[in-house]
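Shown next, in structure tokens, is the structure this report addresses.
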Ligand code: SAM
Ligand code: SF4
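In my numbering, the protein residues as written are 20 to 442.
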């Protein structure tokens with residue numbers, strides 16, 4: 020989502036007459052987009068700002084994104100060489116803020132979260148010529164005890180289905196064949212226009228746009244993930260065989276403490292819909308280890324869930340204390356060493372699952388969207404509908420990037436597959 024925000028911000032700047040340069044060294048105005056989801060990401064921001072200070076004489080600096088929103092004007096104190104601080108809910112104001120900057124104002128801010136608008140611009144500068152990100156909903160109305168997002172991205176705002184479909188058609192005309200719908204919680208999408216579409220209807224609508232061959236979406240919240248989404252995937256070939264459904268923990272007790280609004284059993288019921296589907300839906304998830312109060316038994320429940328679901332991939336994180344969040348007030352915070360130990364166990368357990376799951380692909384033929392060529396290995400890099408990396412050999416002298424190829428899987432590792440092109 021941050022990467023796509025940057026694409027939209029760049030588009031806005033270009034439409035205001037600015038020109039993009041290849042490196043920060045060449046820039047007069049440096050926009051730095053930031054993430055504060057975990058403490059480590061936030062620390063990186065201040066480290067980088069320090070570096071800019073040393074190397075950036077005569078330049079103007081702007082800090083965007085979640086650290087900007089969270090720290091606000093404190094950034095001017097910590098990094099006095101910064102002239103603008105703007106959170107994502109204020110990106111619509113960027114043109115006016117740029118005028119203030121150009122007028123020599125050295126303390127420009129965009130920090131209001133009180134907005135009903137989404138950030139749309141006709142000038143998005145997409146980096147990938149084949150796969151396009153497309154925001155359908157911004158902000159988050161949930162209140163997970165560990166999460167800073169509701170404080171940094173503001174309340175939920177959905178785009179109209181008409182505007183999402185118009186952008187999808189435009190993307191198809193420009194040659195994009197894959198779109199990835201984005202939101203903190205795409206399942207709570209509600210079309211604000213009279214059509215009143217829900218997420219499953221929007222998904223189906225986008226998948227029916229001529230020229231769009233693949234539709235992905237992220238992120239889904241288990242509480243709002245309803246059966247019609249699986250039905251939509253079954254009914255529409257363009258919707259990819261992949262759902263990212265962050266569970267965070269396998270223990271209902273911890274899920275309750277996290278305020279996730281579902282139990283382990285609720286989650287497993289949803290997984291059951293996908294496993295019962297006639298489409299081979301790959302399922303990936305996020306796991307947080309070491310949430311305050313997580314006992315050995317709770318942790319074992321998470322490991323048990325990994326075994327039961329057999330996810331295709333997971334993103335594992337150590338719990339990180341975030342400002343403003345309700346989990347700060349909880350007792351029994353877990354030590355860093357113990358969090359590291361649990362994360363290593365989770366990753367080891369999952370690695371074995373992925374080796375086993377990926378081995379099942381050997382012998383199968385998968386459709387790949389070619390993402391590029393790896394000179395070091397002499398292989399083309401493809402992405403399957405299930406979002407697996409499939410590297411393959413092909414005698415082509417021409418560039419296959421952006422094309423679709425059928426590939427027979429001959430080898431499997433924990434994180435990728437390898438094979439040979441069959442057409
Ligand atoms: N909205 C999505 C959801 O509810 O599943 C996730 C959004 S968040 C940007 C991505 C992931 O970061 C979460 O699923 C969670 O695993 C992780 N995360 C968020 N806050 C965290 C924290 N304080 N410590 C560790 N991991 C965190
Ligand atoms: Fe954060 Fe929870 Fe919202 Fe996801 S649903 S963005 S984890 S508060």
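The beta carbon of each residue, even a glycine, is placed where N, CA and C say it ideally should be. It should be emphasised that the depicted structure is a prediction, and the values quoted were computed from it without experimental measurement.
From the options, residue whose alpha carbon lies closest to that of residue i
i           : options            : result
residue 398 : 411, 331, 106      : 411
residue 325 : 306, 150, 61, 386  : 306
residue 402 : 382, 426, 418, 413 : 426
residue 361 : 351, 139, 433, 337 : 337
residue 165 : 94, 429, 347       : 347
residue 409 : 370, 109, 380      : 380
residue 279 : 303, 60, 160, 237  : 160
residue 390 : 369, 382, 418, 378 : 418
residue 95  : 248, 80, 407, 229  : 80
residue 52  : 23, 284, 78        : 23
residue 116 : 42, 28, 41, 334    : 28
Nearest-angstrom Cα separation, counted from residue j out to residue i
i           : j           : result
residue 89  : residue 201 : 22 Å
residue 289 : residue 344 : 28 Å
residue 294 : residue 255 : 17 Å
residue 296 : residue 393 : 35 Å
residue 224 : residue 184 : 7 Å
residue 342 : residue 167 : 7 Å
residue 87  : residue 219 : 33 Å
residue 298 : residue 26  : 33 Å
residue 193 : residue 420 : 16 Å
residue 72  : residue 98  : 8 Å
residue 30  : residue 49  : 15 Å
residue 124 : residue 376 : 57 Å
residue 373 : residue 222 : 28 Å
residue 191 : residue 148 : 11 Å
residue 70  : residue 44  : 12 Å
residue 204 : residue 227 : 22 Å
residue 356 : residue 56  : 20 Å
residue 178 : residue 210 : 7 Å
residue 54  : residue 21  : 8 Å
Distance cut-off 7 Å: residue i Cβ against heavy atoms of ligand 1
i           : result
residue 69  : no
residue 374 : no
residue 80  : no
residue 204 : yes
residue 338 : yes
residue 235 : no
residue 265 : yes
residue 6   : With the chain represented from 20 up to 442, any question about residue 6 goes unanswered, as that position is not in the structure.
residue 360 : no
residue 298 : no
residue 57  : yes
Three-way DSSP call (helix, strand, coil) for residue i in this model
i           : result
residue 266 : coil
residue 261 : strand
residue 4   : In the structure displayed, the chain extends from 20 to 442; residue 4 sits before or after that span and is not available.
residue 404 : coil
residue 93  : helix
residue 197 : strand
residue 64  : helix
residue 216 : coil
residue 80  : strand
residue 85  : helix
residue 48  : strand
Residue i: CB within 7 Å of a non-hydrogen atom of ligand 2
i           : result
residue 343 : no
residue 169 : yes
residue 437 : no
residue 166 : yes
residue 162 : yes
residue 54  : no
residue 159 : yes
residue 240 : yes
Residue i at chain C interface by Cβ criterion, 8 Å
i           : result
residue 377 : Judged by its chain identifiers, the structure shown contains no chain C, having just a single protein chain.
Whole-angstrom C-beta distance between residue j and residue i, which should lie under 8 Å
i           : j           : result
residue 309 : residue 353 : 4 Å
residue 85  : residue 171 : 4 Å
residue 195 : residue 155 : No, residue 195 and residue 155 are not in contact; Cβ-Cβ is about 16 Å, not under 8 Å.
residue 359 : residue 317 : The pair is not a contact, with the Cβ atoms about 17 Å apart (cut-off 8 Å).
residue 268 : residue 321 : 5 Å
residue 233 : residue 213 : Residue 233 to residue 213, Cβ: 29 Å. No contact.
residue 252 : residue 198 : Rounded, the Cβ-Cβ distance is 15 Å, inconsistent with contact.
Distance cut-off 7 Å: residue i Cβ against heavy atoms of ligand 3
i           : result
residue 307 : As presented, the structure is devoid of ligand 3, carrying ligand 1 and ligand 2 as its sole ligands.
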